[in-house]
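To start, the structure under review is shown below, and the notes come after it.
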Amino acid sequence: MAKIVVDPITRIEGHLRIEAAVDGGKITDAWSSSTMFRGIEKILKGRDPRDAWFFTQRFCGVCTTVHSIASIRAVENALNIKVPTNAELIRNIIIGIQNVQDHVIHFYHLHALDWVDITSALKADPAKTSALAASISDWPNNSTTYFKGVQDKLKAFVAGGRLGPFANAYWGHPAYKLPAEANLMATAHYLEALEWQKEVIKIHAILGSKNPHPQTFLVGGMAVAIDPDSQTALNADKLIEIKRLLGKAKEFVEKVYIPDLLAVASFYKEWAGIGGGVGNFLSYGEFPQPGSGKLWLPAGVIIGKDLSKVHPVDHQKVAEYVDHSWFEYSGGAGKGLHPWEGESENKYTGPMPPFQYLDTDAKYSWVKAPRYQEMPMEVGPLARVLVAYASGHAETKAAVDGVLKKLGVGPEALFSTLGRTAARGIDCLLIAEETPKWLDQLIANIGKGDYSAHNNEKWDPASWPAEAAGYGWHEAPRGALGHWIKIKDQKILNYQAVVPSTWNASPRDAKGQRGPYEAALVGTPLADPNKPLEILRTIHSFDPCLACAVHVVDGNGSEMVRVKVL
Amino acid sequence: MGRTSDDESTEVVEQHLDFSRILKERGVSRRDFMKFCTAMSAALALPAAYAPRIAQALDEVKRPTLVWLEFQDCAADTEALLRAANPTVAEIVLDILSVDYHETIMAAAGHQAEEALANVVKEQKGKYIAVVEGAIPLKDGGVYCCVGGRAAVETAREVCGGALATVAVGTCASFGGIPAAAPNPTGAVGVKTAVPGATVINLPGCPLNADNLTATIVHYLVFGKLPATDSLGRPLFAYGKRIHDNCERRPHFDAGQYVEQWSDTGHKKGYCLYKMGCKGPETYHNCPSQRYNETTSWPVAAGHGCAGCSEPMFWDTMTPFYRRLPHVPGFGIESTADKIGAGIAVATAAAFGIHGVMSAFRHGDESEGAKED
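Those protein sequences? They're chains A and B, same order as listed. Using my numbering, read the first sequence as starting at 2 and increasing by one per residue. Using my numbering, read the second sequence as starting at 13 and increasing by one per residue.
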């Protein structure tokens, strides 16, 4: 048996390290470790709760809106603030396009190179590539000339001898199965998606100044002013531009992403039997409808891959463990703490750098181990889609059944690396098709003369109770995200985020139960331990986001020293 | 880079890829290229006449290597790069800069990735550009950020120490940023503090405006030297002027017209956000002119105040974000602001509502007969 290390895991957000035990060409055990820590929640203590979204937004610049949303929802929940219809719809549009853009970037720029061998695209016949592309989609860019042009560019790049970001990869690895033509098609779309993503995300700039890190969120609403008769506010021009961009987003997902996903997946069906993971799934649900607050995508918990029963979610059942994480609880080891009671002090006990291996029997990660009813949970598009599917959500059911039929597999195929990657596409398609409807509702509401985007009633902290506690949930692209806050005397007393990649990248807990990445890697075949392409496939299928995952909650009581200039 | 004598000795043929050829291969017309050069001269605050000179300098580029290191970061500067303003050509600029290491985009992983970085440091000493994103934690032997089992500070010293120049992108790499906010749990600092001997240009912003990164590199290619900076290491072409002095809402500040509440009449009419906590009066950055996402917008234009994100330690000095700055130097307008703000906010709002006055925003409205509220 050998122990291999992949550090850094690239094409993700953040710093992730995987150590894996390998025996007989298969992974027999695995350990997931995050190697970066900032302590933002410690920094939040004592600050104005209305500023929290701004700080937590910096958990991550890839899923750049999600912590803002969860944060303002947590404060609004604590203070019982109702958000105006326009603000709710604008948030849904911002969330919608974030999901769509993020999923496409993930598929093409972070995940595709695990399945697509770019060097093989050089050998493709452009005419055959054109025929292949035309057989799966009526996307306009599918002529022989077009693919020849892409191939020529690629040839010139390779002839230059310096492959830049494509150097030193696992090209030619026996696990690459796509024909040259499919590789060329995917490479062309890799480049097209790069152009597309910066166009469609301008919706964030129109509504919220810029992307990444839109600057527009407010406790109680949004900072965009609405007035069709003002050139500085959200007016007809801007609404129509958003409509155009949402159309462009939807078209690309329908005509490029989904056909590519299905084409690639059909060559890798064996991956429907690999990378299953923990088999428990959690989704908080998303897209509140203005007025009713009813969620478009349902919340729920699935246990042990049993799709016949969806359990309701109770936030009191969430607890975090630190038995294998570099933190220390004052009450001792072996117990989990609910986020409101969450406490922790970072205490590094790993090897001093430079190091070869972590001591995986002891503590080995900056990520904590969140558990739901003491069970590890997978979160993300697969969880979201499974919960909706098992709940009988009509649009999801139709989309999932359609994809399964096209691939000729049953629902059990979803519990896998391939299933995770396919579910992300389904999730993206559903949201891309739904988001324009929220824009239509927004336009209709503005048309009725409602220009408010903010509820000012409790903007002044003097109007708040002396103490308050709340939580905010959000289905981020990478899954169930929760922020918990305690407010005292108008300041943050305690703040904790339990984020998607904390669930998925979690190390073992007090009982020694593996986290989802770790569980998914066990049993994965490895053709060449020196080129662990298969590890990348399964880990990337979760779309890791590690800067988000690592955080620390400050324990109640410790006095914080603040630099105050104002 | 085009003008260093080292390049004369470069024997690698592929390094002599010239920009025009790459443009042609990429299907970019000369006209598009010149448009890009004009945009660059604008970003650099140069007269348009400089565009041909920028074009000439780029033509001579010999594809220098760039390595991009990520430490205590959130990858927003990387994402900003993906949204760079003049997309087609910005990509090419990055292409001709052979990006040999960038964790978020590179195909290789693990030791193959680290090998790519080691090769650059060994084989191109003194010739490559290092870009750093994220802060560097110094506390407790650097255990708070390790990549490939190495502490960030060690990697930074080696890579930035051997670089031709280091560009710190974003406020974390420039000044420590959010991890360095009080109580700075990990002892986070910017690159210049972690590697005092390195030549560092700071491009703060949260995240940085990628146009400023492109412009910094172009500046070097055109003038053969790094851009002049202020005392904080920020290029003057991008950080030489106060946001407040270039703000499109400045006339409203001067006229004493303020947003008093989110979604109020003043907010809809684009009044000054000073009372809502805007930090423009104390922030140096070219946001009002350069804007973001291909000049689509910037925070003040979209209705939210500036947060001062290009200033050192803004997480401590500019917060609470919604409290207005106590002193706005140079204009003595404070008394006016107070007069309007003190207790008569409601009256002011009512006045706007009833009379729909203020010639300033009447001009702002396109239609002559804009309906009075």
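Beta carbons: idealized from backbone N, C-alpha and C, even for Gly.
Chain-order list of residues whose beta-carbon lies under 6 Å from that of residue i (same chain, five-residue window excluded)
i, result
"A194(A)", "V105, Y109"
"T120(A)", "W172"
"A363(B)", "With a pLDDT of 32 at A363(B), under the threshold of 50, the predicted position of this residue should be treated as unreliable, and no value is reported."
"D228(A)", "A234, Y452"
"P180(A)", "none"
"I13(A)", "P545"
"P324(B)", "F187"
"A135(A)", "N143"
"V6(A)", "E20"
Per DSSP, the bridge partner or partners of residue i
i, result
"A21(A)", "I5(A), A31(A)"
"R254(B)", "Y296(B)"
"E329(A)", "E346(A)"
"E255(A)", "The partner list for E255(A) (beta bridge, DSSP) is empty, contrary to what the question assumes."
"K487(A)", "A470(A), N495(A)"
"H312(A)", "V302(A)"
"P289(A)", "L296(A)"
"C546(A)", "E14(A)"
"T241(B)", "P247(B)"
"N214(B)", "A180(B)"
Rounded straight-line distance, which links the Cα of residue j to that of residue i
i, j, result
"Q198(A)", "Q102(A)", "6 Å"
"K237(B)", "H231(B)", "7 Å"
"L100(A)", "Q84(B)", "Looking at the sequence provided, one finds Asn at residue 100(A) rather than Leu. Distance between the alpha carbons of N100(A) and Q84(B): 24 Å."
"Q124(B)", "Q357(A)", "15 Å"
"A189(A)", "R43(B)", "24 Å"
"Q152(A)", "K43(A)", "51 Å"
"I493(A)", "S144(A)", "58 Å"
"A423(A)", "P260(A)", "11 Å"
"A119(B)", "A469(A)", "47 Å"
"P141(A)", "K154(A)", "20 Å"
"N258(B)", "S301(B)", "8 Å"
"K364(A)", "S326(A)", "5 Å"
"W504(A)", "T539(A)", "16 Å"
"D230(A)", "Y270(B)", "19 Å"
"F249(B)", "A51(B)", "14 Å"
"N446(A)", "N87(A)", "7 Å"
"I10(A)", "T331(B)", "35 Å"
"A193(B)", "I73(A)", "21 Å"
"S331(A)", "G448(A)", "56 Å"
"P64(B)", "L233(B)", "13 Å"
"S542(A)", "W272(A)", "11 Å"
"A528(A)", "G153(B)", "37 Å"
Cβ neighbours of residue i in the same chain (closer than 8 Å, five flanking residues each side left out)
i, result
"I427(A)", "P382, V386, T397, A400, V401, V404"
"A224(A)", "G209, Q216, T217, F218, A454, H455"
"V311(A)", "P299, G301, V302, I303, V388, A391, S392"
Cβ shell of residue i (< 7 Å), same chain only, five flanking positions each side left out
i, result
"G411(A)", "L405"
"Q290(A)", "W297"
"A206(B)", "I148, L150, V165, A168"
"E170(B)", "V133"
"G278(A)", "E379, P517, A520, A521"
"G335(A)", "D324, A511"
Checklist entry - Whole alpha helix (DSSP H) runs in the segment 149-203 of chain B with 4 or more residues, listed along the chain? => result Secondary structure remark: continuous alpha helix (DSSP H) runs of at least 4 residues inside the segment 149-203 of chain B, in chain order: 164-173, 182-187.
Checklist entry - Got a sec: which bits of the segment 111-132 of chain B sit with their beta carbon under 9 Å from any beta carbon on chain A, in order along the chain? => result Correct list: V111, D112, Y113, H114, E115, T116, I117, M118, A119, A120, A121, G122, H123, Q124, A125, E126, E127, A128, N131.
Next on the checklist: To be precise: take each residue of the segment 196-212 of chain B, compare its Cβ to all Cβ atoms of chain A, and keep it if any distance is under 9 Å. Which residues remain?
Outcome noted: Per Cβ criterion, the list reads N196, P197, T198, A200.
Item to check | Inside the segment 359-413 of chain A only - beta strand (DSSP E) runs reaching at least 3 residues | outcome: Counting only runs of 3 or more, we get 370-373.
Checklist entry - Any residues in the segment 40-59 of chain A with a beta carbon nearer than 8 Å to a beta carbon of chain B? Which ones, in chain order? => result Cβ contacts with chain B: G40, I41, K43, I44, R48, D49, R51, D52, F55, F56, R59.
Checklist entry - Which residues, in order along the segment 167-186 of chain B, keep a beta-carbon less than 7 Å from a beta-carbon of chain A? => result The segment 167-186 of chain B vs chain A, Cβ under 7 Å: nothing.
Item to check | Interfacial residues, the segment 269-280 of chain B to chain A, with Cβ spacing under 8 Å | outcome: Within the segment 269-280 of chain B, the residues whose Cβ lies closer than 8 Å to some Cβ of chain A are Q273, W274, S275, H279, K280, listed in chain order.
Next on the checklist: To test your reading of the DSSP string, which unbroken alpha helix (DSSP H) runs of 4 or more residues are found completely within the segment 136-180 of chain A?
Outcome noted: Scanning the segment 136-180 of chain A for uninterrupted alpha helix (DSSP H) segments of 4 residues or longer gives 145-160, listed from N- to C-terminal end.
Item to check | Members of the segment 341-362 of chain A near chain B, C-beta cut-off 9 Å | outcome: For the segment 341-362 of chain A, the beta-carbon criterion of a distance under 9 Å to any beta-carbon of chain B is satisfied by N347, Y349, G351, P352, M353, P354, P355, F356, Q357, Y358, L359.
Next on the checklist: If the cut-off is 9 Å on Cβ atoms, which residues from the segment 313-324 of chain B count as contacting chain A, listed in chain order?
Outcome noted: Those residues of the segment 313-324 of chain B that come within reach of chain A (Cβ to Cβ, closer than 9 Å) are A313, A314, G315, H316, G317, C318, A319, C321.
Checklist entry - Which ranges does the alpha helix (DSSP H) cover as unbroken runs of at least 4 residues, wholly within the segment 115-155 of chain B, from first to last along the chain? => result Taken in chain order, the unbroken stretches of alpha helix (DSSP H) that lie wholly in the segment 115-155 of chain B and span 4 residues or more are 122-135.
Checklist entry - Along the chain, which unbroken stretches of the beta strand (DSSP E) at least 3 residues long are found entirely within the segment 81-145 of chain A? => result As far as the segment 81-145 of chain A is concerned, it has no whole beta strand (DSSP E) run of at least 3 residues.
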